[in-house]
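All remarks here apply to the structure that follows.
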Amino acid sequence: MSETIPYFDMPAQIRSLRKDLDAAIARTLDQGSFCLGPDVVQFEKDFAKYIGAEHCIAFNSGTSALHIAMLLLGVGPGDEVVTTPFTFVATSWAISYCGAKPVYVDIEDGTMNLDPKLIERAITPRTKAILPVHLYGQSFDIDPILDICRRKKIPLVEDAAQAHGATYKGKIVGTFGEMSCYSFYPAKNLGACGEGGALVTNNAPYAARARSLREHGATVRYYHDEIGYNYRMEGIQGATLGVKLKHLPKWTERRRAIAKIYCELLSDTPLQLPHEASYAQSAYHCFVIRHPRRDELKKHLDANGVGSAMHYPVPLHLQKCYASLGYKPGDFPVSEKAARECLSLPVYPELTDRQVQRVIEVIKAFFKK
Ligand SMILES: Cc1ncc(COP(=O)(O)O)c(C=O)c1O
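Under the working numbering, the sequence shown is numbered contiguously, ending at residue 436.
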């Protein structure tokens with residue numbers, strides 16, 4: 068029996084960093100700095116510098132950061148936010164938590180990101196923000212969307228949860244909109260040893276209010292200026308993220324190298340391969356292939372010990388939780404087709420060339436059957 072290749076190999080990543088992680092966690096224990104604390108402050112500085120932003124506010128999850136981003140823009144009941152139906156559900160949670168309505172716009176078939184050509188017709192006087200996602204680590208086409216934002220005076224928020232270090236026209240994403248939000252869920256390109264997230268911005272008043280909202284709506288302890296949340300990052304996560312951030316540029320390079328091998332060696336198969344747009348350098352959080360026989364292909368990979376995943380099998384407008392929005396099958400055909408065809412292959416930095424070759428061989432065998 069040949070070796071099993073997991074979809075994501077967390078133990079391999081941890082093994083490679085174990086000494087440094089042990090030291091970082093021991094430091095947190097010695098300091099007793101469990102909620103925020105010096106390692107979180109240092110990580111905020113380091114991550115802001117990495118993104119090229121003035122402010123980074125660390126959260127207990129990407130979902131919390133997105134929620135606060137919506138609140139900072141004054142999104143509330145009766146408002147609308149234009150967004151993509153083809154993403155992880157948390158993008159829409161942020162809108163729903165504020166009592167507002169996600170207004171979906173279909174994606175482009177090639178990049179699977181929000182289609183800028185379709186945005187304008189979805190805008191109404193109630194539109195409070197545009198919230199696209201840099202899906203799978205690839206920047207959405209920012210300039211045409213920013214152009215709409217400027218003309219319509221609507222703020223842009225980047226959901227960069229999957230796109231640490233991705234670039235748009237040579238610049239790291241995260242400072243094109245009013246704010247951007249990151250997730251440090253363990254399996255992300257930069258993942259904590261637990262949950263984590265961040266809001267990044269160049270806007271000082273937003274940053275100050277985000278810090279207060281994160282901590283029970285208080286800037287001075289026990290004096291609560293507004294209703295707030297307990298959305299603080301744990302000290303241990305700041306410490307472990309500090310260790311991992313140093314490796315991120317090298318990890319992103321390795322992800323890109325793996326993607327290049329896949330693209331070259333799978334080009335003679337009937338698969339639709341990821342399309343890297345001319346403006347983007349993807350961080351390849353996911354390497355997503357597409358085929359109408361996706362379910363059979365997944366079974367074949369499973370049977371041969373190759374892990375894979377579906378991001379995402381059901382677009383948000385067809386999720387049970389959003390039935391009340393009144394969308395129906397056929398409303399967003401490009402997203403629906405992507406949901407039927409997408410399959411993510413292993414693409415983590417610890418994957419060896421030999422493992423990549425084996426994934427390719429197993430896929431090729433499927434098409435020879
Ligand atoms: C696109 C997107 N947005 C938001 C989130 C939410 O982040 P978290 O899981 O850290 O709450 C995630 C990740 O899980 C995501 O992939």
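No residue lacks a Cβ here, since even glycine has one placed at the ideal position from N, Cα and C. Just so you know, these numbers come straight off a predicted model, no measurement behind them.
Ligand 1 heavy atom lying under 7 angstroms from the CB of residue i
i      : result
Phe75  : no
Gln386 : no
Tyr252 : yes
Ser69  : no
Gln229 : yes
Asp226 : yes
Leu28  : The question about residue 28 has no answer, for the chain in this structure spans 68 to 436.
Ser128 : yes
Thr158 : yes
Thr95  : no
Thr154 : yes
Val381 : no
Glu187 : no
Glu121 : no
Gly264 : yes
Val172 : no
Val200 : yes
8 angstroms Cβ cutoff met for residue i and residue j
i      : j      : result
Val287 : Ala120 : no
Arg361 : Cys409 : yes
Leu383 : Pro152 : yes
Ser279 : Gly264 : no
Ile239 : Ile118 : yes
Val355 : His378 : yes
Ile72  : Arg322 : no
Phe433 : Pro337 : no
Leu418 : Ile325 : yes
Val148 : Ile162 : yes
Lys184 : Tyr346 : no
Ala167 : Val224 : no
Exposed unless 16 or more other CB atoms sit within 10 angstroms - verdict on residue i
i      : result
Glu111 : buried
Asp226 : buried
Ile294 : exposed
Cys216 : buried
Ser349 : buried
Tyr351 : buried
Arg85  : exposed
Thr154 : buried
Gln229 : buried
Ala275 : exposed
Asn299 : A small correction: the amino acid at residue 299 is Arg; Asn does not occupy that position in the sequence shown. Classification for Arg299: buried.
Ala297 : The question names Ala, but residue 297 in the sequence shown is Asn. That one is exposed.
For residue i, the first and last residue of its enclosing beta strand (DSSP E)
i      : result
Ala196 : Thr194 to Leu198
Ser250 : Met246 to Ser250
Lys168 : Lys168 to Tyr171
Asp226 : Val224 to Asp226
Ligand 3 heavy atom lying under 7 angstroms from the CB of residue i
i      : result
Ser402 : This structure lacks ligand 3; its bound ligands are ligand 1.
Boundaries of the alpha helix (DSSP H) in which residue i is found, first to last residue
i      : result
Leu257 : Here Leu257 belongs to no alpha helix (DSSP H), and DSSP marks it neither H nor E.
Val401 : Pro400 to Glu408
Thr307 : Gly302 to Leu312
Ile72  : Here Ile72 belongs to no alpha helix (DSSP H), and DSSP marks it neither H nor E.
Cys102 : Segment: none, Cys102 is in no alpha helix (DSSP H) and carries neither H nor E.
Gly264 : Segment Gly264 to Thr268 is the beta strand (DSSP E) holding Gly264; no alpha helix (DSSP H) there.
Glu175 : That residue, Glu175, is in no alpha helix (DSSP H); it is neither H nor E in DSSP.
Ile135 : Gly129 to Leu139
Ala275 : Ala271 to Arg281
His367 : Arg361 to Ala370
Thr154 : No alpha helix (DSSP H) contains Thr154, which DSSP labels as neither H nor E.
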